[in-house]
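Just below is one structure, and these are the notes that go with it.
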Amino acid sequence: MSKAAGEGRHSMAHVEKFSPNYYYSLEKQDDYVLRVWLDSSYPYVYCKYDFLGRVMFVGGSSSDKGATTAIPFSQLDTEALEFFHAQLVKLGGKPPALPDALSKETSETWVRMGSKAIAHVGVYPEMQRKLTDIFNFESRQHFMVTESLKTHAEITTQPVSFDSLSPATLEKALEEFTKAGGAADKDFVLRGAANLKGKSPLRD
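Each residue of the sequence shown is one higher than the last, beginning at 9 in the numbering used here.
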């Protein structure tokens with residue numbers, strides 16, 4: 009099968025052979041969609057990568073009445089997406105850039121979340137994880153969000169009281185909250201409502 013095959017509305021890519029009887033082909037269907045299929049004997053299987061909708065469609069010649077399965081890019085392997093994105097560009101396609109490229113460096117930052125909370129965001133490529141600790145100074149609760157850098161799947165822990173955290177941890181979070189322009193009563197943050205004595209937990 010040559011590169012010239014399929015010229016017209018579709019643009020045929022190249023053929024990669026695994027053996028004399030098994031190979032896959034890549035075809036540009038438009039600027040945003042790449043079709044990939046494994047050709048051997050009947051039946052055959054194909055995938056369509058839609059880089060605009062960020063969805064991969066899987067189907068085949070034996071699919072029930074042409075039915076396909078849609079899989080969000082968030083559930084796919086990052087390296088595979090980057091490879092097929094590059095193949096579409098080689099074929100003259102103009103797909104949008106893949107967002108959220110995997111960071112190669114560890115980073116830790118504090119981010120103020122409105123007038124009530126602050127988050128400590130740590131990105132750890134070696135673990136393929138992003139960990140976000142959120143401290144709410146009004147409710148005196150803390151919870152963590154764990155995100156996979158590869159699939160972007162998230163897990164959120166149940167909120168826990170500040171009473172279960174060390175004073176040093178709370179003081180550091182309050183310090184960063186204050187640096188970012190927030191204001192909260194230190195006694196309330198560290199010891200709770202019993203020490204508030206009628207004051208608001210969040211100061212103007």
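The beta carbon of each residue, even a glycine, is placed where N, CA and C say it ideally should be.
Nearest Cα to Leu99 within the set Tyr40, Thr154, Glu162, Pro167: Tyr40. According to DSSP, Met64 shares a beta bridge with Tyr57, Ile79. Annotation for Leu178: Phe143, Phe170, Val197, Leu198 place their beta carbon closer than 8 angstroms to its own, counting only its chain and skipping 5 residues before and after.
It is roughly 8 angstroms from the alpha-carbon of Glu184 to the alpha-carbon of Ile126. Leu89 is positioned such that its CB atom lies no closer than 8 angstroms to that of Leu42.
If you ignore the 5 residues before and after Thr77, its C-beta comes within less than 8 angstroms of the C-beta of Phe65, Val66, Gly67, all in its own chain and listed in chain order. Positions of the alpha helix (DSSP H) runs, each at least 4 residues long and wholly inside the stretch 105-193, are given as 175-187 in order along the chain. About 5 angstroms separates the CB atoms of Leu157 and Gln136; that is less than 8 angstroms, so the two are in contact.
Taking 8 angstroms as the upper bound for CB-CB distance, Phe59 and Pro104 are in contact here, some 6 angstroms apart. At the C-beta level, Leu139 and Thr117 stay beyond 8 angstroms of one another. Taken through DSSP and simplified to helix, strand or coil, Lys98 comes out as helix. Leaving aside the five residues that flank Cys55 on each side, the residues in its chain whose CB is nearer than 6 angstroms to its CB run, in chain order, Val44, Met64, Val66. Checking the DSSP bridge columns, you'll see Val41 partnered with Asp58.
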